[in-house]
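Everything below concerns the one structure shown next.
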Amino acid sequence: MVSIQDRIVVITGASSGIGASCAKMFAQEGASLILAARRKEKLEAVAAELRAAYDSKVYLLEMDVSDRNLVASSFASLPKFWREVDILVNNAGLSRGMDKLQSGDIQNWEEMIDTNVKGLLYVTRSLLPGMVERNQGHIINIGSIAGHQTYPGGNVYCATKAAVRALTEGLKLDLFGTPIRVTSVDPGTVETDFSQVRFRGDTEKAKQVYQGMNPLTPDDIAEIVVFCATRPANVNLSEILVLATDQSSATMINRRS
Ligand code: 8X3
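Under my numbering, think of the first position of the sequence shown as 142, with each following residue one higher.
What follows is the structure, encoded as structure tokens:
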């Protein structure tokens, strides 16, 4: 394991779920963290925990990744200490609804495309030139099984995650000849507020997603993300599909009740 002590790590969507778990696990390894999310109070709570538990250096960005100008200006105006970002975890993402395409809510589509695809691009476009200039860096995209398999009602969400997969590949091609690493960690069912967001707070529907199965936890994924970031420089984990043992495909989930 290669030390990432004092490395500067940007994590988007860091206020909850996989992002917050990544923040915790990178903090445990002594990294300095730039945490970005829309919800300032939640971000502040995560930061307070990390400062108290690990004495971490944390810088917060209250930011919607789909706000192109805000993303550009937030990263352009980072204080000197924080400018040389070593690792970017593109985690911010969401799903909205599971309607058939013929009855899909166009506003939901926009939100998913804007966050999962455009947001990832805006953040990457802001930070990658510095990595190229310094000849150092690692981009870790959080994809999904949904980028490998399309499931009924998944249409646009699956398309955005297929786009993330293509962008991970494209990045690696465009970075040919540089030492910059590009990784995609693609989870299946992870118990977070993902389903609450998808079903807009319909707790019953959200609960059914995890009903009777043993899902992955955000910590399971964060551990893998940190594993990728701590390999020796000659090792690039390109793509990791991570499923709960109870999940055999996007649609086959073993439920005991
Ligand atoms: C989350 C996994 O299968 O609910 O990206 O789309 S799934």
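Just so it is clear, CB atoms sit at the ideal spot from N, CA and C, and this is done for glycine as well.
Can you look up Asn-249 in the DSSP assignment and give me helix, strand or coil? Sequence index remark: in the sequence shown, residue 249 carries index 108 (1-based). Reduced to three states, the DSSP call for Asn-249 is helix.
Alpha carbon to alpha carbon, how far is Ser-236 from Glu-182? Give it in angstroms, no decimals. Walking along the sequence shown from the start, residue 182 turns up at place 41. Walking along the sequence shown from the start, residue 236 turns up at place 95. Computed Cα separation, rounded: 22 angstroms.
Would you identify the three-state DSSP class for Ser-173, choosing helix, strand or coil? Here residue 173 corresponds to residue number 32 of the sequence shown, with the count starting at 1. Note: Ser-173 maps to strand in three-state DSSP.
Report all residues from its chain with a CB closer than 7 angstroms to the CB of Met-166; omit the five preceding and five following residues, and keep chain order. To locate residue 166, count along the sequence shown from 1; it is residue 25. Around Met-166: Ala-363, Glu-364, Val-367.
Beta-carbon gap between Val-429 and Ile-283 smaller than 8 angstroms: No statement about residue 429 is possible, as the shown extent of the chain runs from 142 to 398 and does not include it.
Tell me, which residues are paired with Pro-328 by DSSP? Reading the sequence shown from its first residue, position 187 is the one you call residue 328. Under DSSP, Pro-328 shares a beta bridge with Val-383.
Leaving out five residues before and five after Gln-290 in sequence, what residues of the same chain have Cβ atoms less than 7 angstroms from its Cβ? For this step, residue 290 is matched to residue 149 along the sequence shown. Taken in chain order, the residues that qualify are Ser-390, Ala-391.
Would you mind reading off the limits of the alpha helix (DSSP H) that contains Glu-185? The count along the sequence shown starts at 1 and reaches residue 185 at position 44. Run containing Glu-185: 181 to 195, per the alpha helix (DSSP H) assignment.
Determine whether the Cβ of Arg-341 lies closer than 8 angstroms to any Cβ atom of chain B. In the structure shown, chain B does not exist; there is a single protein chain.
Three or more C-beta pairs below 8 angstroms linking the segment 268 to 283 and the segment 212 to 229: yes
Is the beta carbon of Thr-309 within less than 7 angstroms of some heavy atom of the ligand 8X3? Translated into positions along the sequence shown, residue 309 becomes position 168. Flag unset: Cβ of Thr-309 not near the ligand 8X3.
Residues that DSSP places opposite Arg-322 in a beta bridge: The residue given as residue 322 occupies position 181 in the sequence shown. Its beta-bridge partners are His-279.
Buried or exposed: Met-272, going by 16 or more other Cβ atoms within 10 Å of its Cβ? Reading the sequence shown from its first residue, position 131 is the one you call residue 272. Answer is buried; the Cβ neighbour count reaches 16.
How would you label Arg-322, buried or exposed, when you count the other beta carbons within 10 angstroms and need 16 or more for buried? In the sequence shown, residue 322 corresponds to position 181, counting from 1. When all chains shown are included, Arg-322 counts as buried.
How is Ala-391 classed by DSSP in three states: helix, strand or coil? The residue you call residue 391 lines up with position 250 of the sequence shown. Looking at Ala-391 - three-state DSSP - the assignment turns out to be coil, as it is neither helix nor strand.
Name the residue from Ala-168, Arg-209, Ser-207, Asn-276 whose alpha carbon lies nearest to the alpha carbon of Ala-189. For this step, residue 189 is matched to residue 48 along the sequence shown. Ranking the options by Cα distance to Ala-189, first place goes to Ala-168.
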